[in-house]
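Have a look at the structure below before the remarks.
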Amino acid sequence: MAEHLLSFKGCSVFITQRLPRLSCGSALSLAGLKRRLQALALEALALVVALSGLASPATAQTPLTVEQLPPPAAVIEDLQADIRRLEQEIGSLRLGKPPAAETTSPVTDRLASVEKSLGKLVDAADKKKKDDATMPSFKLNGQMQADQIYFGQDLVGRSAVGDLQDGAQFRRLRIGARGTAFEVFEYSLGVDFALANNPSYLDNYIEWKQLPWLQNIRVGHFFEPFSLERVTQNRNNTFMERSLVDTFAPARNMGVMTYGNTENELATRGHRHLSHQQRQHRQRFV
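Structural data, given as structure tokens:
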């Protein structure tokens with residue numbers, strides 16, 4: 003829409019022209035468009051005549067006030083541009099083609115390009131994650147903890163318990179591996195070499211996940227589902243040794259265990275079956 007207000011010699015000329023934008027579904031007929039173009043041409047001619055009257059000598063000394071009026075040349079150029087646009091849209095309608103889409107701004111084009119690039123990165127990451135889930139993984143790990151002790155004794159202490167020797171030894175010296183395969187299998191292997199010539203087995207099991215009803219089933223050598231402190235990895239404990247209450251918790255044993263949680267994840271459950279021989283044997287290093 004173009005609006006123009008001219009004031010000169012005590013009179014005003016107010017021109018308002020609304021130019022509808024056409025589309026394939028526009029109800030405006032070709033005859034109506036022609037009439038609209040003719041009206042635009044007449045208004046443009048009237049504007050030119052009014053501007054030429056402003057420049058005449060008879061009105062040269064009359065004060066001229068222009069309110070919200072762009073330069074005359076710019077007004078004419080806008081009208082000519084609207085006429086050309088309407089002519090193009092009429093030609094498109096005659097050929098049965100939709101009018102040309104509006105040109106997008108550089109900011110919009112840049113934003114669309116960034117969104118497209120991000121979409122490609124997300125798709126690539128999802129594909130890599132999916133491919134990795136179908137391939138076995140192997141993660142090697144190890145742990146080393148050492149103890150050192152110093153005894154301060156007087157004569158009474160030495161006579162009561164003997165001369166205690168200072169020393170140092172490994173508390174944990176472990177090597178292991180963990181991994182997954184095909185999204186539903188998990189395995190763990192581990193051995194502790196802290197005691198010289200007497201290695202002990204750690205977590206050595208195979209586990210199936212996402213099973214119906216049972217949810218998860220584990221077979222091998224592992225901790226029984228008893229005592230939160232016991233099943234917490236010692237790397238995450240504050241001290242090297244667990245508390246005195248942990249003495250009553252069972253150690254790792256051979257057996258089969260199923261575990262899972264309720265649908266709302268408010269409760270967990272576990273059931274295990276362990277060999278009698280292993281239940282009577284406590285490992286020294288856990």
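Using my numbering, the final residue of the sequence shown is 288, and nothing's skipped along the way.
Beta carbons: idealized from backbone N, C-alpha and C, even for Gly.
- Under the DSSP assignment, Leu175 falls in the beta strand (DSSP E) whose first and last residues are Gly169 to Ala183.
- 8 Å or more divides the Cβ of Arg220 from the Cβ of Glu231.
- Around the beta-carbon of Ser190, 16 or more other beta-carbon atoms lie within 10 Å, marking it buried.
- The beta carbons of Arg176 and Asp149 sit about 15 Å from each other, so the pair does not count as a contact at 8 Å.
- Cβ contact annotation for Asp168 (same chain, cutoff 7 Å, sequence separation greater than five): Ile151, Tyr152 and Phe153, in chain order.
- For Gly159, the enclosing alpha helix (DSSP H) starts and ends at Leu157 to Val163.
- The alpha-carbon of Thr182 is positioned some 9 Å away from that of Thr136.
- It is roughly 21 Å from the alpha-carbon of Gly257 to the alpha-carbon of Thr249.
- Given a length threshold of 4 residues, each whole run of the alpha helix (DSSP H) inside the region 174-239 is given here in chain order: 230-233.
- Of Leu42, Arg173 and Gly272, the smallest CA-CA separation from Ala83 is found for Leu42.
- Assignment of Gly154 by DSSP, reduced to helix, strand and coil, places it in the coil class.
- Apart from the 5 residues on each side of it in sequence, Arg237 sits with its Cβ closer than 8 Å to the Cβ of Gln145 in its chain, given in chain order.
- 8 Å or more divides the Cβ of Gly222 from the Cβ of Leu204.
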